[in-house]
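Notes follow the structure.
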Amino acid sequence: MTELSKFHNEPMETASRERITQIQSERLRAIVGHVYESNPIYRRLFDEKGVRPEDIRTAEDVVRLPFTGKDILRESYPLNMACVPRDQIVEMHMSSGSTGTPVVMPYTRSDLDQWAECMARCYRMAGAKPGDPTQITPLFGLFNGGFGMYHGARAAGLFVIPAGPGNTARQIRLARDLKTRVFTGVVSYGIRLMEVLAEEKESLPDLEIGIFGAEVFSDSMKKKISSGLDIDVFDIYGMTESGGVGTLGMDCPAHDGIHIWEDQYILEIIDPKTGEPVDDGEEGELVFTSLTREALPMIRFRTADLTHVISRDRCKCGRTHIRLAPITGRRDDMLIVKGVNFFPKQIEQTLLGIPGIGNNYQIIVEEEDGVNSVRVNVEAEPGVTGYMVEKALKEALGFSPKGDVFPLGGLPRQEGKAKRVFHNRIK
Ligand code: DLL
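Under UniProt numbering, think of the first position of the sequence shown as 1, with each following residue one higher.
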């Protein structure tokens with residue numbers, strides 16, 4: 001019997017840097033021509049920047065193109081930025097966002113194949129094999145999570161259990177009865193599964209792989225889920241605008257950064273203030289250009305997600321695609337309290353270092369007369385006091401937020417992505 005490859009698309013996933021650059025250049029030329037010819041909004045953006053498709057010759061020329069962002073997608077709601085005729089659109093997903101008009105992402109048949117290819121690479125990278133029972137728990141609906149994991153699982157030949165979110169008792173029963181080996185979800189659902197199993201003193205012996213994403217995922221939380229469920233945990237990345245979950249990539253079993261599928265996307269990391277590139281290793285905003293999508297390829301899309309380049313060298317797993325640090329948070333998630341800048345992820349990382357602390361927390365930013373103060377509410381086992389929490393945060397972040405300690409399970413839970421940060425304006 002031949003051994004099953006660890007790759008879904010070995011030639012692409014292990015292509016040399018020169019080959020990747022050559023593919024990117026060819027595809028960039030094609031995609032720039034496509035968006036310019038097919039959509040007046042793109043044409044206007046190019047014209048305003050004084051750039052024409054024929055100016056773009058190599059992947060490096062991407063910097064000559066105009067940036068795009070959520071705003072222009074919202075202004076062109078629902079489909080004014082589409083680059084194909086309506087009758088070629090076969091599916092759509094949408095991100096609601098917290099502010100007003102949603103962003104719609106249309107797909108052609110070939111876009112669905114592209115999504116499935118990227119997601120299938122992620123499943124194989126995690127070690128999923130054809131026929132593996134794969135429980136998909138993100139929502140099947142306008143959110144891209146459920147369908148993306150479904151399209152990819154089909155392409156990877158997995159046994160799909162399309163559970164959708166919620167009803168954790170039923171999820172556990174399904175996983176036990178069907179011998180689920182691969183469990184996928186938003187990060188907070190991985191936490192929920194772990195908590196319910198612990199409460200019921202149960203385990204899922206067949207479960208080996210957890211693929212979680214859509215929310216900031218601290219290293220401490222990854223370790224906790226990995227040891228709590230006794231599985232290998234993967235951090236999967238993607239967004240509505242890139243075409244959904246897994247399109248951008250995931251970390252591999254070496255867990256040394258998120259591999260981004262560079263034959264599909266050109267990446268840049270820029271200084272969010274100046275828009276200029278930052279050096280490898282330096283944190284900045286991730287910008288991507290879709291190279292292979294048809295219905296709505298994004299050109300230099302500013303994601304607002306902050307990260308840095310870990311390496312462009314071949315990884316221990318054999319893949320050559322660039323590796324990025326796990327996402328720190330969104331540009332607009334940075335909190336400034338008493339002159340200290342920090343991200344919710346740092347609070348999570350610190351809290352999880354306190355013995356007896358639970359997995360749920362709330363960060364409440366109170367603004368009074370333009371001055372911010374922050375409260376951190378946590379869940380914890382008996383014995384953990386507010387003073388212990390305050391002291392740990394003071395040592396890690398340099399200021400001491402007040403807050404309350406709730407019993408385990410005492411803070412509200414939401415379905416889907418967890419809301420951790422709340423803003424209260426007092427005056
Ligand atoms: O959250 C896609 C997804 C679904 C990824 C399921 C993983 C699992 P959106 O709703 O459009 O799409 O939200 C995209 O979520 O810009 C990041 O800010 C955040 N995000 C996504 N994955 C991660 C991750 C889906 N692995 C936005 N780590 C992105 C941190 C993530 N943040």
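Heads up, the beta-carbon is just placed ideally off N, CA and C, and yes, glycines get one too. In this text, all values refer to a predicted model and were calculated from it rather than measured experimentally.
For residue 144, the enclosing alpha helix (DSSP H) has its first and last residue at 144–155.
Short of 6 Å from the beta carbon of residue 137, and not among the five residues preceding or following it, lie these beta carbons of its own chain, in chain order: 163, 165, 185, 189.
By the Cβ-count criterion, residue 126 is buried, with 16 or more other Cβ atoms from all chains shown falling within 10 Å of its own Cβ.
Runs of the alpha helix (DSSP H) spanning 4 or more residues and lying entirely within the stretch 46–96 occur at 70–75, in chain order. Within the chosen limit of 8 Å, the ligand DLL does not reach the beta carbon of residue 405 with any heavy atom. Closest option to residue 232, judged by alpha-carbon separation, among 182, 244, 195: 182. Per DSSP, residue 221 is one residue of the alpha helix (DSSP H) stretching across 219–229. The beta carbon of residue 284 sits closer than 6 Å to the beta carbons of 269, 270, 271, 278 from its chain, once the five residues preceding and following it are set aside; these are given in chain order. Closest by C-alpha distance to residue 419, out of 111, 344, 257, 114, is 344. In this chain, the beta strand (DSSP E) harbouring residue 269 covers 265–270. The straight-line gap separating the alpha-carbon atoms of residue 65 and residue 178 is approximately 50 Å. Where residue 114 is concerned, the enclosing alpha helix (DSSP H) starts and stops at 109–126. Restricting attention to 262, 348, 50, 324, the CA atom closest to the CA of residue 376 is found in 348.
Ranked by Cα distance from residue 31, the first of 291, 96, 154 is 291. Linking residue 52 to residue 307 through their CA atoms gives a straight-line distance of about 30 Å.
Here residue 313 carries a coil assignment [DSSP, helix/strand/coil]. According to the DSSP secondary-structure assignment, residue 277 is paired through a beta bridge with 270. In this structure, the beta-carbon distance from residue 193 to residue 258 does not fall below 9 Å. Rounded to the nearest whole angstrom, the CA to CA distance from residue 330 to residue 384 is 30 Å. Not one heavy atom of the ligand DLL is found less than 8 Å from the C-beta of residue 162.
In the structure shown, the three-state DSSP call for residue 353 is coil. Here the alpha carbons of residue 38 and residue 50 stand approximately 18 Å from one another. For residue 211, the closest alpha carbon among the candidates 203, 180, 200, 332 is that of 180.
Taken in chain order, the whole beta strand (DSSP E) runs of length 3 or more contained in the UniProt domain "AMP-dependent ligase C-terminal" (339–425) are 340–342, 357–368, 371–380, 405–407, 421–425. With distances taken between CA atoms, residue 281 lies nearest to 312 out of 273, 252, 266, 312. Beta bridge pairing from DSSP links residue 235 with 212. Close CB contacts of residue 131 within its chain, under the 8 Å cut and outside five residues either way in sequence, are with 157, 158, 159 (chain order). Secondary structure at residue 169: helix, using DSSP grouped into helix, strand and coil. Residue environment: residue 227 is assigned as exposed (fewer than 16 neighbouring CB atoms within 10 Å of its CB, all protein chains considered). Contact between residue 146 and residue 140 holds: CB atoms are separated by about 3 Å, below the 8 Å threshold. Residue pairing by DSSP places residue 135 opposite 161, 183 in a beta bridge.
Excluding its 5 nearest sequence neighbours in each direction, residue 8 has C-beta neighbours in its own chain below 6 Å: 120, 121, 124, listed in chain order.
Put simply, of 350, 170, 88 the residue whose alpha carbon is nearest the alpha carbon of residue 218 is 350. The residue among 77, 225, 24 with its C-alpha nearest the C-alpha of residue 358 is 225.
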